[in-house]
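The numbering of the sequence shown is the working numbering, which starts it at 770 and goes up by one. Where is the CB? At the ideal position from N, CA and C, for every residue including glycine. Bear in mind the structure is a predicted one, so any value in this text is a computation, not a measurement.
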Amino acid sequence: MVKPFITFKGDANEAINFYEKVFNGTDKKVMHYGDMPSNSEFPVDESKKNWVLHGTLNICGSEVMFSDTDESLHDKNTFVPSCMISIAVDFNSEEEIRIAYEKLKEEGHVMMELSPQFFAGLYAWVSDKFGVTWQMTYHTH
């Protein structure tokens with residue numbers, strides 16, 4: 770089983786709540802940095818106690834994982850969203866894909882408009898307001 774793990778720079782709570790609404794997500798579980806036992810080797814800055822240490826949300830039947838991480842753990846030039854990897858979602862109805870598409874494109878960037886394709890009844894590719902790219906498909910047959 771492959772599970773997407775999406776890392777954010779302090780806005781994972783907002784993203785999880787957003788995706789819960791976009792996809793009618795279920796089984797949301799969130800643990801924050803402030804929930805960890807005190808550890809002098811891993812002090813948590815007061816401003817980051819509400820950051821997501823580990824979160825999960827069921828999106829269209831698959832568990833997606835989330836976390837916030839500090840830029841100091843990564844090269845600042847490489848910790849950027851990329852369209853090289855997308856989350857692919859298959860929808861069960863035309864209504865579901867249209868609703869998700871409209872919500873994801875708000876403050877995001879449409880890479881391919883929602884439209885019929887030779888390989889699917891409807892398909893769209895969107896980079897959302899967090900920089901996460903979604904390839905969405907609805908098969909009519």
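- A straight line joining the alpha-carbon of LYS798 with that of SER807 spans about 21 Å.
- Runs of the beta strand (DSSP E) spanning 3 or more residues and lying entirely within the stretch 793-828 occur at 795-801 and 821-828, in chain order.
- Residue PHE777 holds the alpha-carbon nearest to the alpha-carbon of SER851 among VAL771, PHE777 and ARG867.
- The Cβ atoms of ILE866 and LEU891 lie closer than 7 Å to each other.
- If you look at GLU875, you'll find it isn't in any alpha helix (DSSP H); DSSP assigns it neither H nor E.
- VAL858 sits in a strand when the DSSP states are folded into three classes.
- Judged by DSSP in its simplified three-state form, PHE777 adopts strand.
- With contacts defined as CB atoms closer than 7 Å, VAL821 and ASN782 qualify as a contacting pair.
- For THR906, the uninterrupted beta strand (DSSP E) run begins and ends at 902-907, by DSSP.
- With a beta-carbon spacing of about 14 Å, VAL791 and LEU883 fall beyond the 8 Å limit used to define contacts.
- With distances taken between CA atoms, ASN819 lies nearest to GLY803 out of HIS910, GLY877 and GLY803.
- Rounded to whole angstroms, the separation of the alpha carbons of VAL833 and HIS801 is 16 Å.
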